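Working notes, structure below.
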Amino acid sequence: MVRQFLSTIEYGEMTVNTNVDGPNVAFGETLSGTVYIEGEDSDELVDYIVIELLKRSETDEMIIAKQSIEIMSDIKSKETWMISFEMVPDERWESESEVQTQILILKTTVHLKNGINIQDEGEITYA
Numbered sequence: 057m058v059r060q061f062l063s064t065i066e067y068g069e070m071t072v073n074t075n076v077d078g079p080n081v082a083f084g085e086t087l088s089g090t091v092y093i094e095g096e097d098s099d100e101l102v103d104y105i106v107i108e109l110l111k112r113s114e115t116d117e118m119i120i121a122k123q124s125i126e127i128m129s130d131i132k133s134k135e136t137w138m139i140s141f142e143m144v145p146d147e148r149w150e151s152e153s154e155v156q157t158q159i160l161i162l163k164t165t166v167h168l169k170n171g172i173n174i175q176d177e178g179e180i181t182y183a
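The sequence shown begins at 57 in the working numbering and counts up by one.
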């Protein structure tokens, strides 16, 4: 069974889905996906979206990749905005222990124009 990555944030009538092309990223591959923003007047609600890739331990959290997205410049189909993103791995993605597979956290934060920030996250495997 193939594991899928889907992060969902809901606010009123608006839904923001972050869908990753593959939740398992191998060394040398790019992490890519699409953010789907659905709902009437969503472009009036959303200020911008931040996608962050985190390395997390029991005592620490480090941002290893970050992308900020505004919705006014991408493709809209009916009431859905579709915004593609890519993150290219570097040495910060690699495990510092002898474990070859690194579990990373992909966090989506929606910054609304009213000052409210909503977030969701999920795991990405990097080996």
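We put the CB at the ideal spot given by N, CA and C, even for glycine. Note that the coordinates shown come from a computational prediction; the quantities given were computed from them, not determined experimentally.
Check                                                                                                                                                                  : Outcome
Have a look at the DSSP bridge pairing and note the partners of Asp176.                                                                                                : Thr164
Measure how close the beta-carbons of Thr164 and Asn80 come, nearest whole angstrom, since I'm counting them as under 8 Å.                                             : That belief does not hold up - the Cβ atoms of Thr164 and Asn80 are roughly 19 Å apart, past 8 Å.
Give the single residue among Lys169, Glu147, Gly89 whose Cα lies nearest to the Cα of Asp103.                                                                         : Lys169
Please give the ranges of any beta strand (DSSP E) in the region 70 to 152, keeping only runs that are unbroken, at least 3 residues long and fully inside the region. : 70 to 76, 87 to 94, 102 to 112, 117 to 125, 131 to 133, 136 to 143
Out of Gly78, Arg148, Thr136, Glu100, state which residue places its alpha-carbon closest to the alpha-carbon of Leu110.                                               : Arg148
Bridge partners for Thr181 per DSSP, in chain order?                                                                                                                   : Asn80, Ile159
Less than 8 Å between the beta carbons of Val76 and Phe61, yes or no?                                                                                                  : yes
Note down, in chain order, each residue of its chain lying with its Cβ closer than 8 Å to the Cβ of Thr157, except the 5 sequence neighbours on either side.           : Ser151, Thr181, Tyr182, Ala183
Flag this pair as touching only if the region 110 to 122 and the region 92 to 101 have three or more C-beta atom pairs under 8 Å; answer yes or no.                    : no
Quick one, are the C-beta atoms of Ile174 and Ile105 less than 8 Å apart?                                                                                              : no
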